[in-house]
Every structure is written in C-alpha cells, then in structure tokens.
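Asker:
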Amino acid sequence: MSIILETKGLNRSFGAVIAAKDINVQISLGEVVGVIGSNGAGKTTFINMVTGYLPPSSGEILFEHQSILGKAPRQITRMGMARSFQVAQLFPELSVLDNLIAALVAAESPRPSFLRPTRTPIRIAKAEDILEEFGIPHLRDALVSAVPQGARKLIDIAMALIGNPRMLLLDEPTSGVSVEEKFSLMDTVMAAVRHHGVTVLFVEHDMEIVERYVSRILAFYSGEIIADGPPAAVMADQKVRELVIGHHAPQGGVRKRSAGQ
Amino acid sequence: MKLDKTQGALLAVTVALAAAGFAAPYWLTFLLMLALAKGLVVQGVVIQMRTGLVSFGQGLFFCIGGYGVGVASNLMGCTDAFVQLGLAVVVSLAVAAVLGLLMTRYRDIFFAMLSLALSMILFGVLVKNQALGSTDGFNVAAQTYLGWAPGPHQQKLVSYLLTVVIAGIAAQLIYLYMHSGVGQISEAIRENEIRVEYLGLSPRWLIYGNYLVAAAISAVGGALTAFATGHIDPEMAFWTTSGEFVFIALLGGITHVAAPFVAAVLFAVVRTYALEFTPNTWQLILGVVLLAIIIFLPKGLWSLIQRDKRAKA
Chain A
1 MSIILETKGL NRSFGAVIAA KDINVQISLG EVVGVIGSNG AGKTTFINMV TGYLPPSSGE
61 ILFEHQSILG KAPRQITRMG MARSFQVAQL FPELSVLDNL IAALVAAESP RPSFLRPTRT
121 PIRIAKAEDI LEEFGIPHLR DALVSAVPQG ARKLIDIAMA LIGNPRMLLL DEPTSGVSVE
181 EKFSLMDTVM AAVRHHGVTV LFVEHDMEIV ERYVSRILAF YSGEIIADGP PAAVMADQKV
241 RELVIGHHAP QGGVRKRSAG Q
Chain B
1 MKLDKTQGAL LAVTVALAAA GFAAPYWLTF LLMLALAKGL VVQGVVIQMR TGLVSFGQGL
61 FFCIGGYGVG VASNLMGCTD AFVQLGLAVV VSLAVAAVLG LLMTRYRDIF FAMLSLALSM
121 ILFGVLVKNQ ALGSTDGFNV AAQTYLGWAP GPHQQKLVSY LLTVVIAGIA AQLIYLYMHS
181 GVGQISEAIR ENEIRVEYLG LSPRWLIYGN YLVAAAISAV GGALTAFATG HIDPEMAFWT
241 TSGEFVFIAL LGGITHVAAP FVAAVLFAVV RTYALEFTPN TWQLILGVVL LAIIIFLPKG
301 LWSLIQRDKR AKA
C-alpha cells in the first residue's frame, strides 16, 4: 500500500527536555492509526511537528513523498493534511453556519475575495449538508460559544474535513466530551472519515476508543515510539502495559483510562 | 444589479444628503463634510478592528491624504480634485505597502503602539520641514473639477457633493467588503488566528490587505478634509487626531457600515455644542460620553439598533 506520511529520524528537544527522539514512522493510505501515551510522552509534539506548527530539531517529514519541512501550517493544509485540536479551535462569536462557511471560503481559494459575498446559496447548502452529515443541523444558527462541547468537537473536525484533505490528524477528539457522548461522537466522525476516504491519525487517551476504531497503534513514551502494530499486539506489549496503560490493566481488553488521564 | 435593504438604505441616505446640500445652511454642510471625511478614516480604523487590531496611528494616512492634496496643489500646481485624490491614495498605498510588511508582524498593544509611533514620526518630519509649512502647515488652493473651476459659492456646494458621493460609494463598497470572504475571515482572525492558519489561509496576508484598504480610505478622508477646510497642518498626524478616530470607532461600533459615519456626525455635533456651551471643559464632556459608551454599550451605539431588532424578532 502506498505511503502517505513518513517521518525519518525525527527529533525535537526543548533545552534539556527531549520531546521527540528518533521517530521513524510510515503511515499507509487509508489507515486509521491511534497514537497513545501518557501526558508528556510526545504525542502532541509529534502532531505539531507533522502539521508544521513546530519545527523539528532534526529529521525529515514526507507527505505523499514530498518534504514538508519548513512549510507553514497553511501550506501543509493546502497540500492535503488537515488537523483538529484537543481544545476545539473555532470562531466563538460566529454562528455554526458561519464557521463552516469560513472554512468553505478558505477551502476554495487561498486568496478570498474582497467584494464577493460569502453567504451564497451554494455555500449555505454545502454547509447544511455537512451539518446533516455530522448530526447537528439543529445548531445551524447557534453561536459557537453557546453550543455544547461535543458539538464543538464535531464542528472542529467538520471544518478540518471541508477542504477534502487526504490525511486528517485528530488531537484527542473525545477529550472534554462526556462518557455518554464519546462513542456516538466517534461513530459520527469515523463515518464521515470513511465517507471522505481519509487516512486518519489520532491521538487519544481513552483506550476504549482506541481499541474500537483504529487499525494500528503507535505507543509513545518519553518522546520515543515504544510499540507500533495492530491494537491487540500493542495492548499486550509488556512495555506498553507498564509505561502507557498502567500495571494493573487487565490483559486482552483494557477498560480503564490510561495512566496519563 | 439588485440592491438589498441595507444597500438601498445607504443609497437613499446618500441621495438625501446630496439633496440637503442645496437647501441646508453652510455651517451644517461643512459639519457634515468634515464628519463624513472623518467617518471614512474611522472606516479604516474599523476595518482593522474587525481583525482585532486597533490602529492608534490612522492619522498617518489621514495626514498623507491631506498633504497629498496640498503638495499637488501648491508644489505641483495641479488643482484638479480627482488628480489630487488619486495622488493622495497612491502615495498612501505606497507608504502602507512598505509599512504593512512590518506592521502585520505585530498584534495587540504592539500593533497599536507601533502605528502610533509611525504617525508621530510623520508629525515630527512635517514639523521640522519648512518647505511643507512646518507647524503651521499651509493653505490649499481651491479645487477644479476636470477643468471646471466653480465660483466661491459653487465651490462649497461642489466640494460637499463630492464628499457625499465618495462617502456613499465607499459605504457601498465597505458593505460588500464586510460580507465578502476577506470581511468574514477578518472577523475569524480576530476570534482565532490559529484556526484561520489551519484552514489554509495566511492571516498575515489578510491583515496586510486590510491595512492597505484602510490606508487608502483614510487618505481619501484626509484629502476630503483638505478640500473642506482649505488648510492642512501636521496636527493631522498627531496622536490626538488618531485617538479621535479610535474614539469615534468605539462610539459607533464595528458591526455595521453606517456606524462610523453616524458616530462621526454625532461626535461632531457633541463637540460643536460642548465647545459652544463649555469652551474650557469640552474634552471632559467627550470623555464622559466615551466612558458611558464603554460601560453601557461596549459594542457601540449601533448595538442599540441591533438590540431593538433582536427584541422585535
């Protein structure tokens, strides 16, 4: 299968602290990869480096076989790699519809018009379709600041998907979402992801979510990848059980949150 | 082209103001001329405020506009109003194109202070420059219009009509801008610049574009002020002048295209009467008005109208 994202010898340090150490990863087209690790393990640093927010100290990052080192996040987004955030990054004083319309405008051109109207019937219809797809059509005219946390996460991910990326990075999609909501949220997200045919890499602390939705796991500890493989194999890995999941986790199906939570 | 409700209302007000020029006393048309010209500069401030940036130095471009007219008239011997306006805009855009490269790197108070510093540099240069009239500035010769030189009485009317028409056109264009891609993304930048970047857009490019538009429109305001008063001086770039534009922007709010014009007219009326009745304490009255606006109407006077609309809905 063709490789969509590859990192070679990726390192990142902050003074004496090593946040990423010799990260070598290959993600194939169509994979759904989960990234696990306790707090400070280097998961978000990895995402931030891959999306251009943080330059690596050394190493190489290839997206669709092209180097993306030194590129700004907007350039990487335009190349086809989008991301969502641990804390949903939205425009709180705009309506949900206007948030999506802003994303549609951005997706259409890197140089928006100074005079042509944004709220065209075509864009409104597209935004309404997206709201329908994500199961939140009733929030169309609500201000983002007034919608619940779970819906904000969905809007955040919907905005990332609007530009039809080929790869999507989700940073803790269920953080801050209630236990009751998390599976329905992930079902909605994964249905949309499958519909768009996007390769996904997502950081998650919740092992139930990871086990249910991913086809492969990368386990981080202290800036290094300590395990990489199918969920069952990684979850059974002794190092992962000790350093990421916790000593007392039962083997063959972890039901508690990780040590990082 | 079909006009919506706001565009129709803006057109109607423009026509009404133009018609009023034939009947209204000169003091009123003069007050309106200055208020509309200032309103244009305030539009420049508001355009930047929509991205979350407050320019405390918009007097820089207001002054460039005024001096563009003065230099064209007195040093180049060109009295045509349209050429003078064109020169004012071109020079202002050229200056903004260079300064914008620096300004767009800064946010918040740093942007505000840097804009103020740049306008004060122009003030300092003008004050020391004898050829440009030093602290006194200089008078500007009456304008001609495509070769036509109106008489003294006609001149006032023509100048007023030109101001009203330009303000009307600017209002229509700014209305389109506010509802355009750039207008909407500008608001998005104010709310969350990181998200805009991750949507694949360059916030800096958008802020730069807004800076240029604001510079051009402020220069037009400065040029029209020079037409109205027939005089320019370095005070146009002084920080208190820029502060006045911010004051008017806060007074009106940033949510509607008409707000800066309405606020500029209100400001002119309040100042005129405050000066008339309490010549030594008029600043105090303006200060109290601003305080009241900030406390009770933080989104400006226009929020009163929006609140009323929401209540009716």
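Same order as they appear, the protein sequences are chains A and B.
Those letters in the first sequence? Residues 1 to 261, per this note's numbering, in order.
Those letters in the second sequence? Residues 1 to 313, per this note's numbering, in order.
Note that CB positions come from ideal geometry on N, CA and C, so glycine has one too.
1. Using a Cβ distance threshold of 8 Å, determine whether the segment 70-87 of chain B contacts the segment 14-28 of chain B, with at least three qualifying pairs required.
2. Quick check on DSSP: helix, strand or coil for Phe61 (chain B)?
3. Starting from Glu264 (chain A), find everything on chain B with Cβ-Cβ shorter than 8 Å and list it in chain order.
4. Using the Cα positions of Glu211 (chain A) and Pro231 (chain A), report the straight-line distance between them to the nearest angstrom.
5. Go ahead and label Ser258 (chain A) buried or exposed: buried means 16 or more other beta carbons lie within 10 angstroms of its beta carbon, across all protein chains shown.
6. For Met79 (chain A), which residues of its own chain have a beta-carbon under 8 Å away from its beta-carbon, when the five flanking residues on both sides are left out?
7. Ala219 (chain B) and Gly65 (chain B) - do their beta-carbons sit closer together than 7 Å?
8. Show which residues of chain B have a CB atom less than 9 Å away from the CB atom of Asp98 (chain A).
9. Taking the runs of the alpha helix (DSSP H) that are 4 residues or longer, which of them lie wholly in the segment 66-97 of chain A?
10. For a quick check, are the C-beta atoms of Gly338 (chain B) and Ser303 (chain B) less than 7 Å apart?
11. For a contact defined as C-beta to C-beta under 8 Å, what are the partners of Leu115 (chain A) on chain B?
12. With DSSP as the reference, label Val254 (chain A) as helix, strand or coil.
13. Considering Cα atoms alone, identify which of B:Lys2, B:Leu3, B:Leu11 is closest to Ala167 (chain B).
14. Below 8 Å, how does it come out for the segment 17-28 of chain A and the segment 38-49 of chain A: are there three or more Cβ pairs, yes or no?
15. Just grab the DSSP bridge partners of Met167 (chain A) for me.
16. Could one say the Cβ of Pro73 (chain A) lies closer than 7 Å to chain B's Cβ atoms, at least one of them?
17. Against Thr118 (chain A), what residues of chain B qualify as contacts under a CB-to-CB distance less than 7 Å, listed in chain order?
18. Can you give me the C-alpha to C-alpha distance between Gln283 (chain B) and Gln43 (chain B), rounded to a whole angstrom?
19. Once DSSP output is grouped into helix, strand and coil, what is the label at Ala259 (chain A)?
20. According to DSSP, simplified to helix, strand and coil, what is Gln77 (chain B)?
21. Assign Ser92 (chain B) to one of three DSSP states: helix, strand, or coil.
22. Would Gly181 (chain B) and Val105 (chain A) be called neighbours here (beta carbons separated by less than 7 Å)?
23. Give, in chain order, every residue of the segment 13-45 of chain B whose Cβ lies closer than 9 Å to some Cβ of chain A.
24. Evaluate contact between the segment 95-110 of chain B and the segment 75-82 of chain B, counting only Cβ atoms and requiring at least three cross-stretch pairs below 8 Å.
25. Take Ile225 (chain A) and list the residues in its own chain whose beta-carbon comes closer than 8 Å to its own, dropping the five residues that flank it on each side.
26. Determine contact between the segment 153-165 of chain B and the segment 32-47 of chain B, defined as no fewer than three beta-carbon pairs at a distance below 8 Å.
27. Note down the Cα distance separating Tyr198 (chain B) from Tyr145 (chain B), rounded to an integer number of angstroms.
28. Counting Cβ pairs, one atom from each stretch, are 3 or more of them under 8 Å apart for the segment 200-207 of chain B and the segment 95-111 of chain A?
29. Flag Gln86 (chain A) as yes if its beta-carbon sits less than 7 Å from any beta-carbon of chain B, otherwise no.
30. On the premise that Glu244 (chain B) lies in contact with Pro92 (chain A), defined as a C-beta separation below 8 Å, what is that separation, rounded to the nearest angstrom?
31. Could you work out which residue in A:Ala151, A:Gly197, A:Lys239 is closest to Ala28 (chain A) when comparing CA atoms only?
32. Listed in chain order, which residues of the segment 146-162 of chain A have Cβ atoms closer than 9 Å to some Cβ of chain C?
33. Are the Cβ atoms of Tyr211 (chain B) and Ala96 (chain B) separated by less than 7 Å?
34. Spatial neighbours of Asp171 (chain A) within its chain, please: CB distance less than 7 Å, with the 5 preceding and 5 following residues excluded, ordered by chain position.
35. Is it true that the CB of Leu251 (chain B) sits closer than 7 Å to the CB of Ile293 (chain B)?
36. Measure from the alpha carbon of Ala141 (chain B) to the alpha carbon of each residue in B:Ala188, B:Val89, B:Ser119, B:Ala223, then state which is nearest.
Answerer: Based on what the coordinates show:
1. No, the segment 70-87 of chain B is not in contact with the segment 14-28 of chain B.
2. Three-state result, Phe61 (chain B): helix.
3. The structure shown does not extend to residue 264 (chain A), since chain A is modelled only from 1 to 261, so the question has no answer here.
4. Whole-angstrom Cα-Cα distance: 6 Å.
5. Its pLDDT being 42, under 50, Ser258 (chain A) is placed unreliably by the model, and the measurement read from it follows with that caveat. Burial call: buried.
6. Once the five neighbours on either side are set aside, the close Cβ partners of Met79 (chain A) are Phe63, Glu64, Gln66, Ile68, Lys71.
7. Here Gly65 (chain B) is near Ala219 (chain B), since their CB atoms are less than 7 Å apart.
8. Near Asp98 (chain A) (Cβ distances below 9 Å), the residues of chain B are Gln184, Glu187, Ala188.
9. For the segment 66-97 of chain A, whole alpha helix (DSSP H) runs of length 4 or above, ordered along the chain, are 73-79.
10. Beyond the ends of chain B as shown, which are 1 and 313, falls residue 338 (chain B); an answer cannot be given.
11. Residues of chain B whose Cβ lies closer than 8 Å to the Cβ of Leu115 (chain A) are, in chain order, Leu173, Leu176, Tyr177, Ser180.
12. Residue placement at Val254 (chain A) is flagged as unreliable, the pLDDT there being 45, under the threshold of 50; a coordinate-derived value is accordingly withheld.
13. The option with the nearest alpha carbon to Ala167 (chain B) is B:Leu11.
14. Enough Cβ pairs lie closer than 8 Å, so yes.
15. In the DSSP assignment, the residues bridged to Met167 (chain A) are A:Met81, A:Thr199.
16. Yes, Pro73 (chain A) lies at the interface with chain B (some Cβ there is under 7 Å from its Cβ).
17. Those are His179, Ser180, Gly181, Gln184, listed as they occur along chain B.
18. Computed Cα separation, rounded: 23 Å.
19. Its pLDDT being 37, under 50, Ala259 (chain A) is placed unreliably by the model, and the measurement read from it follows with that caveat. In the three-state reduction of the DSSP assignment, Ala259 (chain A) falls in the coil class, being assigned neither a helical nor a strand state.
20. Just to set this straight, residue 77 (chain B) is Gly in the shown sequence, not Gln. Correct three-state label for Gly77 (chain B): coil.
21. The answer is helix: DSSP assigns Ser92 (chain B) an H, G or I state.
22. With contacts defined as CB atoms closer than 7 Å, Gly181 (chain B) and Val105 (chain A) qualify as a contacting pair.
23. Going along the segment 13-45 of chain B in chain order, one finds no residue with a Cβ nearer than 9 Å to chain A.
24. No contact exists between the segment 95-110 of chain B and the segment 75-82 of chain B.
25. Within the same chain, Cβ atoms closer than 8 Å to the Cβ of Ile225 (chain A) are found at Ile23, Asn24, Val25, Leu218, Ala219, the five residues on either side in sequence being excluded.
26. Touching, yes, given that three or more Cβ pairs across the two stretches are closer than 8 Å.
27. Between the alpha carbons of Tyr198 (chain B) and Tyr145 (chain B) lies a gap of roughly 49 Å.
28. Taking a cut-off of 8 Å on C-beta distances, the segment 200-207 of chain B touches the segment 95-111 of chain A, as three or more cross pairs fall below it.
29. Gln86 (chain A) is outside the set of residues whose beta carbon lies under 7 Å from a beta carbon in chain B.
30. Incorrect: roughly 31 Å between the Cβ atoms, too far for contact.
31. Checking the displayed sequence, the identity of residue 28 (chain A) turns out to be Ser instead of Ala. Nearest C-alpha to Ser28 (chain A) among A:Ala151, A:Gly197, A:Lys239: A:Gly197.
32. Any reference to chain C falls outside this structure, whose protein chains are A and B.
33. When the beta-carbon positions are compared, Tyr211 (chain B) and Ala96 (chain B) come within less than 7 Å of each other.
34. Only Thr44, Ile47, Arg83, Ser84, Phe85, Gln86, Val203 meet the Cβ criterion.
35. For the 7 Å CB-CB criterion, Ile293 (chain B) and Leu251 (chain B) form a contact.
36. Out of B:Ala188, B:Val89, B:Ser119, B:Ala223, B:Ala223 has the C-alpha closest to the C-alpha of Ala141 (chain B).
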